[in-house]
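A.B. asks: Here it is: the structure, laid out below.
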Amino acid sequence: MEILINQSDVQSFKEDGVVLLKGVFSEWIDILVQGAKFHINNPSQRALTHHNKKYQGQFLEDFCNWRRIPEYSDFVFNSSLASIASNLMDSESVQFFHDHFFYKDANSGVSTPWHQDIPYYCISGDQTVSFWLPLESREKKFSLRSLAGSHLLKKEIRPTSWSNNESFYEDSKTFMDLPDSNDYEIKEWETEPGDVIAFNFKTIHGANANINNKISRTLSFRLVGEDVVFKNRPGRTSPSFPGINQNNGERLREDWFPTLLNI
Numbered sequence: 219m220e221i222l223i224n225q226s227d228v229q230s231f232k233e234d235g236v237v238l239l240k241g242v243f244s245e246w247i248d249i250l251v252q253g254a255k256f257h258i259n260n261p262s263q264r265a266l267t268h269h270n271k272k273y274q275g276q277f278l279e280d281f282c283n284w285r286r287i288p289e290y291s292d293f294v295f296n297s298s299l300a301s302i303a304s305n306l307m308d309s310e311s312v313q314f315f316h317d318h319f320f321y322k323d324a325n326s327g328v329s330t331p332w333h334q335d336i337p338y339y340c341i342s343g344d345q346t347v348s349f350w351l352p353l354e355s356r357e358k359k360f361s362l363r364s365l366a367g368s369h370l371l372k373k374e375i376r377p378t379s380w381s382n383n384e385s386f387y388e389d390s391k392t393f394m395d396l397p398d399s400n401d402y403e404i405k406e407w408e409t410e411p412g413d414v415i416a417f418n419f420k421t422i423h424g425a426n427a428n429i430n431n432k433i434s435r436t437l438s439f440r441l442v443g444e445d446v447v448f449k450n451r452p453g454r455t456s457p458s459f460p461g462i463n464q465n466n467g468e469r470l471r472e473d474w475f476p477t478l479l480n481i
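Following the working numbering, the numbering of the sequence shown begins with 219 at its first residue and continues without gaps.
So, in structure tokens, the structure goes:
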């Protein structure tokens, strides 16, 4: 049975830019775990690895694998993902943007720094949602951390390369620096498989390093609503979409970013 979200969830997402949804994807965990097992052993050419010299493990991230991993596409097209996104974003149409896989070895010691997603993307708009879906139990201290209300900032946060903190784009004046996290309420939750943390692409978020003896596998599925359009950035985006051939202000092409719902 499909588990529907309530108005309180929608209001939290609107005000805080992030909300925990308990147990909404429990029936999909076994399927997604199978996809993740394949993915770990067969990363794509887009995959990136991060290391901390003080620790032995690595942090692997990979993008845009839904077309080649059937478990991911099954989830995207056949779960309640799109209907939940529609309610959270208050959008009658929902397009799939991309998937993002995070795998942290036990004791990898690599944190995910505070950042905002949308400046890295070739889009603009407010109706966005990322579903952060851990595939095993996650203690609060190793879970996603978000700055409540940061999605309401008037300027985008300067995107940087995590390895050296250099700006992604030359036109850095368009962006603002990260605000002080102490000025915000930090939203973070202990999670179980089937729980998902949904957040706006403009919400500042990050995660502490995995310094325990368990692996960490997380899938993110990113969806956009009717006000989202293509935006040509002054440099590479992450993920990149070579050959997308779109102009500023156009709706994302549906052969690359399929429409999941159109009420």
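Backbone N, C-alpha and C fix where the C-beta goes; we use that ideal spot for every residue, glycine too.
1) In angstroms with no decimal places, state the Cα-to-Cα distance between L306 and G235.
2) Ignore the nearest five residues each way along the sequence and tell me which others in L222's own chain have a CB closer than 7 Å to its CB.
3) Using the beta-carbon count (16 or more within 10 Å), is F295 buried or exposed?
4) Thinking T346 and V446 are a contact (beta carbons under 8 Å), I'd like their distance in whole angstroms, please.
5) Count the other C-beta atoms from every protein chain shown that fall within 10 angstroms of the C-beta of Q229, then say buried if there are 16 or more, exposed otherwise.
6) For V251, which three-state DSSP category applies?
7) What's the call for E289, buried or exposed, on a 16-neighbour Cβ count within 10 Å?
8) Measuring alpha carbon to alpha carbon, tell me which of A265, S368, F475, S456 ends up nearest N400.
9) Buried or exposed for M219, going by 16 or more other Cβ atoms inside 10 Å?
10) State the beta-bridge partners of I375 as determined by DSSP.
11) Flag this pair as yes or no: are the beta carbons of S309 and E468 separated by less than 8 Å?
12) What is the rounded straight-line gap between the Cα of A459 and the Cα of F281?
13) Could you check where the beta strand (DSSP E) with I404 kicks off and where it finishes?
14) Whole angstroms is fine: what's the gap from L278's alpha carbon to T267's?
15) Tell me the residue span of the alpha helix (DSSP H) that contains K322.
16) Write down every uninterrupted run of the beta strand (DSSP E) in the stretch 345 to 376 whose length is 3 residues or greater and which is fully enclosed by it, in chain order.
17) Below 8 Å on the Cβ atoms is my guess for F243 versus L351; work out the distance and round it to an integer in Å.
18) Mapping DSSP to helix, strand and coil, what is P411?
19) Excluding sequence positions up to five away, which residues of its chain have a Cβ less than 6 Å from the Cβ of Y321?
20) Going by DSSP, what residue range makes up the beta strand (DSSP E) through A425?
21) Are H316 and S364 close, meaning C-beta to C-beta below 8 Å?
22) For the putative contact between W407 and S361, defined by C-beta atoms under 8 Å, what is the C-beta separation to the nearest angstrom?
23) Please tell me whether L353 and I287 are closer than 8 Å, where the distance is taken between their beta carbons.
24) Between which two residues does the beta strand (DSSP E) containing E279 stretch?
25) Would Y338 and T409 be called neighbours here (beta carbons separated by less than 8 Å)?
C.D. replies: Straight from the coordinates:
1) Along the sequence shown, read from residue 1 onward, the residue named residue 306 stands at position 88. Along the sequence shown, read from residue 1 onward, the residue named residue 235 stands at position 17. Approximately 10 Å between the Cα atoms of the pair.
2) One-based indexing of the sequence shown puts residue 222 at position 4. Excluding positions up to five away in sequence, the list is empty.
3) Locating residue 295 in the sequence shown gives position 77, counting from the first residue. Exposed: under 16 other Cβ atoms inside 10 Å.
4) Within the sequence shown, residue 346 is the residue found at index 128, counting from 1. Within the sequence shown, residue 446 is the residue found at index 228, counting from 1. Sure, about 6 Å apart at Cβ, within 8 Å.
5) Position 11 of the sequence shown holds residue 229. Q229 counts as exposed, since fewer than 16 other C-beta atoms from the protein chains shown sit within 10 angstroms of its C-beta.
6) Walking along the sequence shown from the start, residue 251 turns up at place 33. Residue state for V251 is assigned as helix, using DSSP reduced to three classes.
7) Residue mapping note: residue 289 aligns to position 71 of the sequence shown, counting from 1. E289 is classed as buried because its beta carbon has at least 16 other beta carbons within 10 Å across all chains shown.
8) Taking the sequence shown and counting its residues from 1, one reaches residue 400 at position 182. For the residues A265, S368, F475, S456, the minimum Cα distance to N400 belongs to S368.
9) Looking up residue 219 in the sequence shown gives position 1. Residue confidence is low: M219 scores 40 on pLDDT, short of 50, so the model does not pin down where it sits. Its coordinate-derived value is still stated next. Classification of M219: exposed, given that the 10 Å Cβ count is below 16.
10) Sequence index remark: in the sequence shown, residue 375 carries index 157 (1-based). DSSP output for I375 lists M394 as bridge partner(s).
11) Counted from its first residue, the sequence shown places residue 309 at position 91. Counted from its first residue, the sequence shown places residue 468 at position 250. 8 Å or more divides the Cβ of S309 from the Cβ of E468.
12) Along the sequence shown, one-based indexing puts residue 459 at 241. Along the sequence shown, one-based indexing puts residue 281 at 63. Just to set this straight, residue 459 is Phe in the shown sequence, not Ala. Cα to Cα, the separation comes out at about 11 Å.
13) On the sequence shown, position 186 is the one that residue 404 refers to. Taken as a continuous stretch (DSSP letters only), the beta strand (DSSP E) holding I404 covers 404 to 406.
14) Within the sequence shown, residue 278 is the residue found at index 60, counting from 1. Within the sequence shown, residue 267 is the residue found at index 49, counting from 1. CA-CA distance, L278 to T267, rounds to 4 Å.
15) On the sequence shown, residue 322 is found 104 positions in, with the first residue counted as 1. In the DSSP annotation of this structure, K322 is not part of any alpha helix (DSSP H); the continuous beta strand (DSSP E) holding it starts and ends at 311 to 322.
16) Counting only runs of 3+ residues, the beta strand (DSSP E) found wholly inside the stretch 345 to 376 occupies 346 to 352, 362 to 365, in chain order.
17) As a working mapping, residue 243 is identified with position 25 in the sequence shown. As a working mapping, residue 351 is identified with position 133 in the sequence shown. With 8 Å as the limit, F243 and L351 qualify as a contact, their Cβ atoms being about 6 Å apart.
18) As a first step, residue 411 must be located in the sequence shown, where it is residue number 193. If DSSP states are grouped into helix, strand and coil, P411 belongs with the strands.
19) Here residue 321 corresponds to residue number 103 of the sequence shown, with the count starting at 1. Within the same chain, Y321 has close Cβ partners I258, L278, R435.
20) Translated into the one-based positions of the sequence shown, residue 425 becomes position 207. Taken as a continuous stretch (DSSP letters only), the beta strand (DSSP E) holding A425 covers 423 to 425.
21) The residue given as residue 316 occupies position 98 in the sequence shown. The residue given as residue 364 occupies position 146 in the sequence shown. No, they are not a contact pair.
22) Within the sequence shown, the letter at position 189 stands for residue 407. Within the sequence shown, the letter at position 143 stands for residue 361. Between W407 and S361 a beta carbon distance of about 6 Å is seen, short of the 8 Å cut, so the two are scored as contacting.
23) Indexing the sequence shown from 1 puts residue 353 at position 135. Indexing the sequence shown from 1 puts residue 287 at position 69. No, they are not a contact pair.
24) Position 61 of the sequence shown, counted from the start, is the residue given in the question as residue 279. Taken as a continuous stretch (DSSP letters only), the beta strand (DSSP E) holding E279 covers 276 to 281.
25) Taking the first residue of the sequence shown as position 1, residue 338 is located at position 120. Taking the first residue of the sequence shown as position 1, residue 409 is located at position 191. Their beta carbons are not under 8 Å apart, which means Y338 does not touch T409 by this criterion.
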